[in-house]
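Peer 1: Let me begin by handing over the structure; questions about it come next.
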Amino acid sequence: MIFVNLLPEEYRPQPSITPKKAALLATGALVNASLLAWWGWLAIGVSAKVDSELTQLDERMASLKPQVEFHRGLESEHRQYQSRENTLDQITSERISWTRKMDELVDLVDRGSEASHYLIWLGNLNVTQLSDPKRKQYGSFRADGFSGSGNFANLANFLQDLEESSFAGGFNPPAPPEGSQSKVDEELVPSEVWSFPVELSLKSPKERNTDAAE
Amino acid sequence: MQLSELIHNRVFVSVAAGLALTGFFGGAIYFQNENIEEVRAQIELRKGEIDTAQALVAGTPDLVKEVVVERETDAVVAELLPNEEAINNFVRTLRGFEESAGVRITAVKKKNVNSKEKRDFDRVVYQLTFEGDTFGLIAFIDQVESDSRFMSVPSFKLTPGGRESLDGSGRTVHKVTLDVETYVYEPQKGSEPRRIDGYDRKVQQLAAEIDEARAMLQVDSYEYLGARDRRDPFVDPRTPADSLLGPMMTLDEQIAAVDGLLERAQDLQVFWADYQAMEDFEMRVQATVTFEEELFKLEEDVRLLQVEGTIRDLSEGRRFREDLLPIVDELRVAMGASQYGQGPGFELLAEARDVMAGHLSVGRFEEALAAMAPLETGLDRAAEDADRLPLVNEIRDLAFRARTAMDFDALDLDVGGVIVGDYSVALVDGISVEEGEMVGPELFVKSIEEDRVEFLFRGVALARLITQ
Numbered sequence: 003m004i005f006v007n008l009l010p011e012e013y014r015p016q017p018s019i020t021p022k023k024a025a026l027l028a029t030g031a032l033v034n035a036s037l038l039a040w041w042g043w044l045a046i047g048v049s050a051k052v053d054s055e056l057t058q059l060d061e062r063m064a065s066l067k068p069q070v071e072f073h074r075g076l077e078s079e080h081r082q083y084q085s086r087e088n089t090l091d092q093i094t095s096e097r098i099s100w101t102r103k104m105d106e107l108v109d110l111v112d113r114g115s116e117a118s119h120y121l122i123w124l125g126n127l128n129v130t131q132l133s134d135p136k137r138k139q140y141g142s143f144r145a146d147g148f149s150g151s152g153n154f155a156n157l158a159n160f161l162q163d164l165e166e167s168s169f170a171g172g173f174n175p176p177a178p179p180e181g182s183q184s185k186v187d188e189e190l191v192p193s194e195v196w197s198f199p200v201e202l203s204l205k206s207p208k209e210r211n212t213d214a215a216e
Numbered sequence: 059m060q061l062s063e064l065i066h067n068r069v070f071v072s073v074a075a076g077l078a079l080t081g082f083f084g085g086a087i088y089f090q091n092e093n094i095e096e097v098r099a100q101i102e103l104r105k106g107e108i109d110t111a112q113a114l115v116a117g118t119p120d121l122v123k124e125v126v127v128e129r130e131t132d133a134v135v136a137e138l139l140p141n142e143e144a145i146n147n148f149v150r151t152l153r154g155f156e157e158s159a160g161v162r163i164t165a166v167k168k169k170n171v172n173s174k175e176k177r178d179f180d181r182v183v184y185q186l187t188f189e190g191d192t193f194g195l196i197a198f199i200d201q202v203e204s205d206s207r208f209m210s211v212p213s214f215k216l217t218p219g220g221r222e223s224l225d226g227s228g229r230t231v232h233k234v235t236l237d238v239e240t241y242v243y244e245p246q247k248g249s250e251p252r253r254i255d256g257y258d259r260k261v262q263q264l265a266a267e268i269d270e271a272r273a274m275l276q277v278d279s280y281e282y283l284g285a286r287d288r289r290d291p292f293v294d295p296r297t298p299a300d301s302l303l304g305p306m307m308t309l310d311e312q313i314a315a316v317d318g319l320l321e322r323a324q325d326l327q328v329f330w331a332d333y334q335a336m337e338d339f340e341m342r343v344q345a346t347v348t349f350e351e352e353l354f355k356l357e358e359d360v361r362l363l364q365v366e367g368t369i370r371d372l373s374e375g376r377r378f379r380e381d382l383l384p385i386v387d388e389l390r391v392a393m394g395a396s397q398y399g400q401g402p403g404f405e406l407l408a409e410a411r412d413v414m415a416g417h418l419s420v421g422r423f424e425e426a427l428a429a430m431a432p433l434e435t436g437l438d439r440a441a442e443d444a445d446r447l448p449l450v451n452e453i454r455d456l457a458f459r460a461r462t463a464m465d466f467d468a469l470d471l472d473v474g475g476v477i478v479g480d481y482s483v484a485l486v487d488g489i490s491v492e493e494g495e496m497v498g499p500e501l502f503v504k505s506i507e508e509d510r511v512e513f514l515f516r517g518v519a520l521a522r523l524i525t526q
């Protein structure tokens with residue numbers, strides 16, 4: 003027997019959902035539900051946790067800030083003092099005790115050495131102390147020297163004693179001996195005199211301090 | 059299919075709505091994740107900042123200590139270097155140096171110093187011109203360098219005065235130009251110093267470190283002891299030929315003379331050391347006589363050279379003055395004032411007296427006389443000195459007693475027996491004698507006892523035991 007549905011199209015009963023469609027709809031609903039759950043976990047769980055952690059860290063940082071500012075302030079003050087101290091060190095370390103140098107020179111000229119007998123005196127003296135590391139010039143000690151003897155070897159003896167004396171500390175070695183005989187003055191004893199230059203250049207402050215330490 | 063039909067298709071609507079929801083949730087998750095990552099990045103950043111801050115703050119206690127020490131030592135820096143106000147005092151200080159160094163300042167000029175860099179320390183240089191001898195110059199530099207304020211002498215020039223340039227004291231006056239440099243301390247304004255809790259307590263706790271830091275800032279100075287008889291090295295030391303009158307010695311002769319005297323003086327030093335170690339009195343007396351004689355001769359030779367002025371070489375003159383004379387003086391002080399040719403000295407006489415008395419007390423008469431023998435020839439001269447006369451008398455008395463005792467021992471006396479009672483008698487050389495009776499030349503019976511008879515021989519009481 004054949005049934006013929008004569009109802010218009012819109013009044014006819016709709017065909018039921020096929021299993022395929024039902025599976026598709028269920029999968030879609032499941033995916034969306036999972037996504038909703040993930041979002042919820044992120045928003046309520048993870049995000050709140052990290053926000054809370056950040057807040058705690060901010061508070062901790064805020065509590066440290068005054069201590070850090072105090073430390074920075076002290077550091078600034080410390081740097082100022084260090085700068086002053088370094089400048090003072092530089093000033094004082096470059097100073098040469100000319101009292102000591104002149105006293106030692108007087109000793110040497112007056113006493114000579116046990117082995118050498120010479121009669122030495124000095125003329126114009128010019129002492130300068132410079133600080134020019136680029137040109138490696140740190141000053142000099144220059145004087146006219148005189149030896150009361152006809153024996154030229156006395157100059158070498160004196161310059162050798164000078165080089166070996168404590169006076170020479172901080173100076174570069176003197177130039178090799180050279181000189182010339184001055185006019186003979188018969189009114190004085192000894193009458194013969196040799197003139198010679200006494201020239202010593204200063205070492206750098208660092209080398210001078212090393213010499214002094216030795 | 060029309061859109062209206064699609065909308066009426068429930069399946070289509072469901073799928074579309076599902077896809078829309080999926081898209082919405084995906085987007086929400088994405089942005090949420092982005093936000094979380096951003097917060098996490100901030101967390102990492104903050105953690106880093108906190109670690110840095112904590113590390114910084116952990117060093118605060120040490121930094122506080124350093125700053126406390128530096129604040130306290132900064133006062134020393136201020137003392138060491140003048141400020142602008144103190145620079146006027148600096149000039150007044152130079153005037154004080156002039157007086158104590160014995161120089162005469164003729165010009166003071168402040169030098170212009172170009173300082174490009176603004177620092178806490180500004181260099182100030184004064185150029186001084188003054189007149190004085192070399193030792194005045196050194197004394198002046200010494201004053202500058204040893205002042206409590208930091209000053210230095212970066213340069214100086216000396217033009218020697220000639221033989222005619224003498225001051226009132228006969229010193230040759232040189233012309234000196236000298237720069238004196240100092241630094242004015244004007245700290246640059248920095249940040250306001252932080253308040254340190256318990257500052258005073260920390261200062262007390264760090265007292266040792268503060269003292270050490272202050273000591274480090276102090277500038278060492280040299281101890282200058284003055285001219286010390288040294289000649290001025292900027293004066294021609296040669297002697298005018300016309301002043302060299304009288305006996306002359308060549309340089310070799312002068313060296314030999316000083317060497318010879320020095321050797322004798324050094325030998326006497328050794329002799330004196332040996333003498334101090336001698337214990338035997340006779341040897342000591344003999345050594346004293348020899349030492350006194352040698353020292354007297356040495357002093358005479360030294361005096362002769364001084365009077366004649368024959369040591370004219372500067373080096374030998376210095377050796378004579380500084381090496382020889384101190385030894386001779388030292389020996390003379392050790393020996394006591396010279397009494398050469400005036401008999402033995404007070405101390406020697408006193409020692410001789412004590413030695414003789416010691417010998418006599420134990421009956422060693424010969425030793426007592428031997429102790430006096432080396433001095434005997436000089437006793438008469440010593441007796442001329444009122445201070446030594448009592449000692450000479452004591453020694454002579456002891457010697458007399460020793461000789462008397464020896465003579466008494468030499469007497470052939472036979473004391474045979476005694477009767478002691480109200481009327482005591484002794485049998486001497488077979489003759490009965492009583493107390494007070496003379497038994498020989500200068501020999502009297504002084505007392506009679508049971509075991510001995512005491513005689514008075516030349517005024518000295520001496521006893522003889524009774525022969526059994």
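Taken in sequence, the protein lines are chains L and X. Per this note's numbering, residue 3 is the first one in the first sequence, and the count goes up by one each step. Per this note's numbering, residue 59 is the first one in the second sequence, and the count goes up by one each step. Even glycine gets a Cβ: it sits at the ideal position worked out from N, Cα and C. Since this is a predicted model, take the numbers as computed values, not measurements.
Taking Cβ-Cβ distances below 8 Å as the criterion, which residues of the segment 79-100 of chain X are in contact with chain L?
Peer 2: Leu79, Thr80, Phe83, Gly84, Ala86, Ile87, Gln90, Asn91, Asn93, Ile94, Val97, Arg98, Gln100
Peer 1: Can you pull the DSSP bridge partners for Trp40 (chain L)?
Peer 2: Counting from one through the first sequence, the residue named residue 40 (chain L) turns up at place 38. Answer by DSSP bridge pairing: none, since Trp40 (chain L) is not bridged.
Peer 1: How many Å lie between Asp109 (chain X) and Gly117 (chain X) at the Cα?
Peer 2: On the second sequence, position 51 is the one that residue 109 (chain X) refers to. On the second sequence, position 59 is the one that residue 117 (chain X) refers to. Roughly 13 Å separates the two Cα atoms.
Peer 1: Along the beta strand (DSSP E) that carries Pro119 (chain X), what are the first and last residues, could you check?
Peer 2: Here residue 119 (chain X) corresponds to residue number 61 of the second sequence, with the count starting at 1. That residue, Pro119 (chain X), is in no beta strand (DSSP E); its alpha helix (DSSP H) goes 118-138.
Peer 1: If we define contact as Cβ-Cβ less than 8 Å, is Gly190 (chain X) a contact residue for chain L?
Peer 2: Counting from 1 along the second sequence, the entry for residue 190 (chain X) is found at position 132. Taking 8 Å as the CB threshold, Gly190 (chain X) stays off the interface with chain L.
Peer 1: Less than 8 Å between the C-beta atoms of Gly42 (chain L) and Gly76 (chain X), yes or no?
Peer 2: As a working note, residue 42 (chain L) is residue 40 in the first sequence. As a working note, residue 76 (chain X) is residue 18 in the second sequence. Cβ atoms of Gly42 (chain L) and Gly76 (chain X): not closer than 8 Å.
Peer 1: For the segment 406-423 of chain X against the segment 366-381 of chain X, are there 3 or more C-beta pairs whose distance is under 8 Å?
Peer 2: They do not touch, by the three-pair rule.
Peer 1: Where Glu77 (chain L) and Phe292 (chain X) are concerned, what is the direct C-alpha to C-alpha distance, given to the nearest angstrom?
Peer 2: Walking along the first sequence from the start, residue 77 (chain L) turns up at place 75. Walking along the second sequence from the start, residue 292 (chain X) turns up at place 234. Near 55 Å, if we compare the C-alpha coordinates of Phe292 (chain X) and Glu77 (chain L).
Peer 1: Report the rounded CA-to-CA distance for Tyr241 (chain X) versus Val171 (chain X), giving the unit in angstroms.
Peer 2: Within the second sequence, residue 241 (chain X) is the residue found at index 183, counting from 1. Within the second sequence, residue 171 (chain X) is the residue found at index 113, counting from 1. If you draw a straight line from the Cα of Tyr241 (chain X) to the Cα of Val171 (chain X), it comes to about 11 Å.
Peer 1: Taking the DSSP output, what are the residues bridged to Arg181 (chain X)?
Peer 2: Start at 1 with the first residue of the second sequence, and residue 181 (chain X) comes out as number 123. X:Tyr241.
Peer 1: Quick one: any contact between the segment 99-108 of chain L and the segment 147-155 of chain L, if contact means 3 or more CB pairs under 8 Å?
Peer 2: no
Peer 1: Compute the Euclidean distance between the alpha carbons of Lys167 (chain X) and Gly75 (chain L), then round it to the nearest angstrom.
Peer 2: The residue labelled residue 167 (chain X) in the question sits at position 109 within the second sequence. The residue labelled residue 75 (chain L) in the question sits at position 73 within the first sequence. Between Lys167 (chain X) and Gly75 (chain L), the C-alpha separation is close to 43 Å.
Peer 1: If you draw a straight line from the C-alpha of Glu209 (chain L) to the C-alpha of Asp200 (chain X), how long is it?
Peer 2: On the first sequence, position 207 is the one that residue 209 (chain L) refers to. On the second sequence, position 142 is the one that residue 200 (chain X) refers to. Going from the Cα of Glu209 (chain L) to the Cα of Asp200 (chain X) covers about 23 Å.
Peer 1: Mind checking the segment 176-194 of chain L against chain X and listing, in chain order, the residues whose C-beta falls within less than 7 Å of any C-beta there?
Peer 2: Glu188, Glu189, Leu190, Val191, Pro192
Peer 1: Using a C-beta cutoff of 8 Å, does Gly76 (chain X) count as contacting chain L?
Peer 2: Here residue 76 (chain X) corresponds to residue number 18 of the second sequence, with the count starting at 1. Yes, Gly76 (chain X) lies at the interface with chain L (some Cβ there is under 8 Å from its Cβ).
Peer 1: Per DSSP, which residues does Leu235 (chain X) bridge with? Please list them.
Peer 2: Here residue 235 (chain X) corresponds to residue number 177 of the second sequence, with the count starting at 1. Residue 235 (chain X) is actually Thr in this sequence, not Leu. In the DSSP output, where bridge partners are listed per residue, Thr235 (chain X) has X:Thr187, X:Lys215.
Peer 1: Less than 8 Å between the C-beta atoms of Leu383 (chain X) and Leu353 (chain X), yes or no?
Peer 2: On the second sequence, position 325 is the one that residue 383 (chain X) refers to. On the second sequence, position 295 is the one that residue 353 (chain X) refers to. No, they are not a contact pair.
Peer 1: For Phe208 (chain X), which three-state DSSP category applies?
Peer 2: Residue numbering aside, residue 208 (chain X) sits at position 150 when the second sequence is read from its first letter. In this structure, Phe208 (chain X) counts as coil in the three-state DSSP scheme.
Peer 1: Please confirm whether Pro179 (chain L) and Glu165 (chain L) have their CB atoms less than 8 Å apart.
Peer 2: One-based indexing of the first sequence puts residue 179 (chain L) at position 177. One-based indexing of the first sequence puts residue 165 (chain L) at position 163. No, Cβ-Cβ distance for Pro179 (chain L) and Glu165 (chain L) is not below 8 Å.
Peer 1: Under the DSSP definition of a beta bridge, which residues are partnered with Pro10 (chain L)?
Peer 2: What you label residue 10 (chain L) is simply residue 8 of the first sequence in a count that begins at 1. Within the DSSP bridge table, the entry for Pro10 (chain L) names no partner.
Peer 1: Against chain L, does Pro119 (chain X) count as a neighbour if the rule is that its beta carbon must be under 8 Å from one of theirs?
Peer 2: Within the second sequence, the letter at position 61 stands for residue 119 (chain X). Not an interface residue.
Peer 1: Find out if the Cβ-Cβ distance for the pair Arg31 (chain X), Thr131 (chain X) is shorter than 8 Å.
Peer 2: Outside the modelled stretch of chain X, which goes from 59 to 526, sits residue 31 (chain X), for which no answer is possible.
Peer 1: Within the same chain, show all residues whose beta-carbon is closer than 6 Å to that of Phe143 (chain L), passing over the 5 residues directly before and after it, in chain order.
Peer 2: Here the question's residue 143 (chain L) lines up with position 141 in the first sequence. Apart from the 5 residues on each side of it in sequence, Phe143 (chain L) sits with its Cβ closer than 6 Å to the Cβ of Val129, Leu202 in its chain, given in chain order.
Peer 1: Using the Cα positions of Val6 (chain L) and Val73 (chain X), report the straight-line distance between them to the nearest angstrom.
Peer 2: Taking the first residue of the first sequence as position 1, residue 6 (chain L) is located at position 4. Taking the first residue of the second sequence as position 1, residue 73 (chain X) is located at position 15. Approximately 33 Å, taken between the alpha carbons.
Peer 1: Got a sec: is the Cβ-Cβ distance from Ala111 (chain X) to anything in chain L below 8 Å?
Peer 2: Against the second sequence, residue 111 (chain X) aligns to sequence position 53. Closer than 8 Å to some Cβ of chain L, the Cβ of Ala111 (chain X) qualifies, so yes.
Peer 1: Is the Cβ-Cβ distance between Ile2 (chain L) and Val111 (chain L) less than 8 Å?
Peer 2: What the structure shows of chain L is the stretch from 3 to 216, and residue 2 (chain L) is not part of that stretch, so it cannot be assessed.
Peer 1: Am I right that Ala392 (chain X) and Ala410 (chain X) are in contact with their C-beta atoms under 8 Å? What's the rounded C-beta distance?
Peer 2: What you label residue 392 (chain X) is simply residue 334 of the second sequence in a count that begins at 1. What you label residue 410 (chain X) is simply residue 352 of the second sequence in a count that begins at 1. Contact flag wrong, Cβ pair sits at about 20 Å.
Peer 1: According to a CB-to-CB cut-off of less than 9 Å, which residues of the segment 150-174 of chain X neighbour chain L?
Peer 2: Under the 9 Å Cβ criterion, the segment 150-174 of chain X contributes no residue.
Peer 1: Can you pull the chain L residues whose beta carbon is under 7 Å from the beta carbon of Pro212 (chain X), in chain order?
Peer 2: As a working mapping, residue 212 (chain X) is identified with position 154 in the second sequence. In chain order: Gln131.
Peer 1: CB-CB under 8 Å to Pro135 (chain L), same chain, minus the five flanking residues each way: which ones, in chain order?
Peer 2: Taking the first residue of the first sequence as 1, we reach residue 135 (chain L) at position 133. For Pro135 (chain L), where only same-chain residues beyond five positions count, the Cβ hits under 8 Å are Ser206.
Peer 1: Taking C-alpha atoms, which residue in L:Leu132, L:Met104, L:Ser85 lies nearest to Leu124 (chain L)?
Peer 2: Locating residue 124 (chain L) in the first sequence gives position 122, counting from the first residue. Taking only the C-alpha atoms, the option nearest Leu124 (chain L) is L:Met104.
Peer 1: Counting contacts by CB-CB distance shorter than 8 Å, is Val293 (chain X) in contact with chain L?
Peer 2: Here residue 293 (chain X) corresponds to residue number 235 of the second sequence, with the count starting at 1. So yes, Val293 (chain X) belongs to the interface.
Peer 1: Can you give me the C-alpha to C-alpha distance between Glu337 (chain X) and Val328 (chain X), rounded to a whole angstrom?
Peer 2: The residue you call residue 337 (chain X) lines up with position 279 of the second sequence. The residue you call residue 328 (chain X) lines up with position 270 of the second sequence. Whole-angstrom Cα-Cα distance: 16 Å.
Peer 1: Are the C-beta of Thr132 (chain X) and some C-beta of chain L separated by less than 8 Å?
Peer 2: Residue mapping note: residue 132 (chain X) aligns to position 74 of the second sequence, counting from 1. Per the sequence shown, residue 132 (chain X) should be read as Asp rather than Thr. So yes, Asp132 (chain X) belongs to the interface.
Peer 1: Going by beta carbon distance, what residues of the same chain come within less than 7 Å of Leu157 (chain L), once the five residues before and after it are set aside?
Peer 2: Position 155 of the first sequence, counted from the first residue, corresponds to residue 157 (chain L). Once the five neighbours on either side are set aside, the close Cβ partners of Leu157 (chain L) are Ser149, Pro179, Gly181, Trp196, Phe198.
Peer 1: Can you pull the chain X neighbours of Leu44 (chain L), defined as C-beta to C-beta under 8 Å?
Peer 2: To locate residue 44 (chain L), count along the first sequence from 1; it is residue 42. Simply Ile87, Gln90, Asn91, Ile94.
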